[in-house]
Amino acid sequence: MKKLINLPQDAVREELEGIAAAHSDRVRVHADPSYIVRVDAPVRGKVAIVSGGGSGHEPMHGGFVGRGMLDAACPGEVFSSPTPDQMLAATQAVNGGSGVLYLVKNYTGDVMNFEMAAELARDEGVAVEMVVIDDDVGVRDSLHTAGRRGVGATVLAEKICGAAAELGRSLPEVAALCRTVNASARSMGVALTSGTVPMVGKPTFALGDDEIEIGVGIHGEPGRERAKAASAHDIVGVLAGAVLDDLPLSRGDRVLAFVNGMGATPLMELYVVYNELHKLLTDRAIGIARNLVGSYMTSLDMAGCSITLLRLDEELTALWDAPVLTTGLRWGA
Amino acid sequence: MSEAVSAPAVVAWMRAFAATVAREREYLTELDAAIGDADHGINMERGTQAVLAKLEGASAAGAAGGLGPLLKTVGMTLVSTVGGAAGPLYGTLFLAMGTAAGEATELSLAAWAATLDAGVAGVRARGKAEPGDKTMLDALLPAVEALKSAAASGLSLEAALQGSVAAAEQGMTATVALVARKGRASYLGERSAGHQDPGATSSWLLLQTAAETLAEQEGGGTTP
């Protein structure tokens, strides 16, 4: 294993210290229990949004803390859910009196830990709502599994709900909006190589030089099938095809198209993928009203990408365009 | 041999469990790498070491109290240090056992069986899992049933604990053939069959260390 770390067991703590050193103008980083909050938290009268999950997906979630997006992020160990004491402390740090939304990716550990935190916070009189994101169509037969995983739509939901909270929407309104975004978005990913968890020291899964994992999860969970490596054109056809099979779009619909890098894929390849996606959607008379291209939800040093489509209406478009000032996403602010 | 579970016995249990998890860390992680995310051994070692530190701090401070507070301390420590799915599940196991044990300072076999039963019911509710889903419940539920029937037929605490380990081991081994329906392993579908569940394995280790320790400490006479 070659990594730019010191001791594997120190990597997450040292990462957080680095974030604190680099971005003290935007966020405060708390240790023991660890969480990241926007520098002006708590914001009085505003619904606070708290997310979190295992580390190794940077910039998600800590990189999305700031004005117009998240109020707090709770980082767990690499690929492992954070714990309820972190979530409760973060909740107390950002609660501005208008309630707190937990925006949670559908992974067994994340859901159970946030549920425990919600119980503890409600015991303290904090109004908490929890929305679980599950947009990954890579999971088939989701009735007989832990359900679809939460992937790319999480980034979009954090941005859109963050904008709504900034505008003063109520907790039920922001939670309902979050459910709308989740219901209107689908994603699927592909891995070309596995990532390596620092504490494990070897790749999570083995792929042959000529193999790819179609429908992979962001921790290297297997997806629909292991296939032979193919052209960007063919891979986009498979990924976008699966997304469109599950998210019926009509001619003239407008979408946000999100091409996300898994950590070790060059931006050059992400633009090749975006170009194929643009052509595919144009052929179907689906308009890309907004787009996002880059590595926003990564899997350590996994190579590959995911495609997320979100059906847009005027409200979602306006909330997407609203100002955001975080280390991971920034415009209009 | 004691016929009641005492607080010192529970502390000895946690010490033995931490040592066993540390010894089996790589094995648990390998099982998890096959069908999960390769962190079960690492996470359980971190959590059980934190429990040890917490209990040693507590005994140094001369903290007494019943079994309930002791089990709840174990549960809260696991919840806040293990992470992943195992943290809330093992944490809930001990928190629910603590609630059931209450202020008792000793538990007879029947009371201990009821305490573990309450803990496992908590795990079942937290994880929304059913027997046969290829989870830790597949080791824990048979162990609880074995303890309860041992209590009903008047076996000694030691014999009952040994019987529960055998039942847990059988349940754990049976997870090999199962297709996972909960947790990350469920994403493998049919590909999850042929692998032993890591959570059921750590649960078996928990019961195995219970059998090694809980009847060892002399706690005086039995109380209901």
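Residue numbers (this note's numbering), protein chains in the order written: chain G, 1 to 333; chain E, 1001 to 1224. Think of the CB as a built atom: it goes at the ideal place given N, C-alpha and C, for glycine as much as any other residue.
message: Please give the ranges of any alpha helix (DSSP H) in the stretch 83 to 171 of chain G, keeping only runs that are unbroken, at least 4 residues long and fully inside the region.
response: 84 to 94, 108 to 123, 153 to 166
task: Could you tell me if L329 of chain G is buried or exposed, where buried requires 16 or more neighbouring beta carbons within 10 angstroms of its beta carbon?
output: buried
message: Using beta carbons (cut-off 9 Å, strictly below), is L16 of chain G in contact with chain E?
response: no
message: Using a Cβ-Cβ cutoff of less than 8 Å, which residues in the same chain neighbour R1025 of chain E once the five nearest sequence positions on both sides are dropped?
response: G1041, I1042, M1044, E1045
- prompt: My guess is that T392 of chain G and G152 of chain G are in contact by the Cβ rule of under 8 Å, so how many angstroms apart are they, rounded?
  reply: Residue numbering for chain G in the displayed model covers 1 to 333; residue 392 of chain G lies beyond these limits and cannot be assessed.
message: For a test of the three-state rule: what should DSSP assign to K202 of chain G, helix, strand or coil?
response: coil
- request: Name, going along the chain, the residues of the stretch 1186 to 1200 of chain E whose beta-carbon falls closer than 9 Å to a beta-carbon of chain G.
  value: S1186, Y1187, L1188, G1189, R1191
- request: Could you pull the start and end residues of the alpha helix (DSSP H) that L1109 of chain E belongs to?
  value: 1109 to 1127
field: G1062 of chain E, DSSP secondary structure in three states
entry: With a pLDDT of 46 at G1062 of chain E, under the threshold of 50, the modelled position of this residue cannot be trusted; read the value that follows with caution. G1062 of chain E: coil per DSSP, three-state reduction.
message: For a test of the three-state rule: what should DSSP assign to H61 of chain G, helix, strand or coil?
response: coil
- prompt: What do you get for G162 of chain G, buried or exposed, if any count of 16 or more other CB atoms within 10 angstroms of its CB means buried?
  reply: buried
field: Contacts around E1169 of chain E, its chain only, beta-carbon distance under 7 Å, and the 5 residues preceding and following it disregarded
entry: W1204
message: Spatial neighbours of H219 of chain G within its chain, please: C-beta separation below 6 Å, excluding the five flanking residues on both sides.
response: F79
message: Suppose you measure from the CA of A1177 of chain E to the CA of G1132 of chain E; what does that come to, to the nearest Å?
response: 10 Å
message: Buried or exposed, going by whether 16 or more other CB atoms sit within 10 Å of the CB of M1172 of chain E?
response: buried
message: By the DSSP assignment, the alpha helix (DSSP H) with N6 of chain G in it spans what residues?
response: Per DSSP, N6 of chain G belongs to no alpha helix (DSSP H) and is neither H nor E.
query: Between which two residues does the alpha helix (DSSP H) containing H278 of chain G stretch?
result: 267 to 283
message: To the nearest angstrom, how far is the alpha carbon of V1005 of chain E from that of Q1049 of chain E?
response: 22 Å
Proximity below 9 Å, CB of G1036 of chain E to CB of R1191 of chain E: no
task: Using a Cβ-Cβ cut-off of less than 9 Å, list which residues of the stretch 1075 to 1087 of chain E approach chain G; keep chain order.
output: M1076, V1079, S1080, T1081, V1082, G1083, G1084, A1085, A1086, G1087
- prompt: Name the chain G residues that come within less than 7 Å of R1126 of chain E, Cβ to Cβ?
  reply: M112
- prompt: Mind checking if E77 of chain G is an interface residue toward chain E, Cβ cutoff 9 Å exclusive?
  reply: yes
task: Measure the alpha-carbon distance for W331 of chain G versus L249 of chain G and round it to whole angstroms.
output: 28 Å
message: Whole angstroms are fine: how far does the CA of E1056 of chain E sit from the CA of K1128 of chain E?
response: 34 Å
message: Determine whether the beta carbon atoms of L244 of chain G and R311 of chain G lie at a separation below 9 Å.
response: no
task: Count the CB pairs spanning the stretch 88 to 106 of chain G and the stretch 43 to 57 of chain G that are closer than 8 Å, and state whether there are at least three.
output: yes
field: Where R1023 of chain E sits in the DSSP three-state scheme
entry: helix
- prompt: Per the contact definition of three or more C-beta pairs closer than 8 Å, is the stretch 252 to 261 of chain G in contact with the stretch 18 to 27 of chain G?
  reply: no
Segment contact flag, the stretch 108 to 121 of chain G with the stretch 182 to 193 of chain G, C-beta cutoff 8 Å, min 3 pairs: no
task: Give the secondary structure of K196 of chain G by DSSP, where H, G and I count as helix, E and B as strand, and everything else as coil.
output: One point to set straight first is that residue 196 of chain G is Thr, not Lys, in the sequence displayed. T196 of chain G: strand per DSSP, three-state reduction.
Option in E:A1200, E:L1147, E:A1038, E:G1065 with minimal Cα separation from T1105 of chain E: E:G1065
message: By the three-class DSSP mapping on this structure, what secondary structure does M69 of chain G have?
response: coil
message: Tell me the rounded alpha-carbon separation between D301 of chain G and S1002 of chain E.
response: 54 Å
message: Just list the residues that DSSP pairs T256 of chain G with in beta bridges.
response: The sequence shown places Leu at residue 256 of chain G, rather than the Thr named in the question. Paired residue(s): G:R290, G:L310.
query: Does the Cβ of E124 of chain G have 16 or more other Cβ atoms within 10 Å, making it buried, or fewer, making it exposed?
result: exposed
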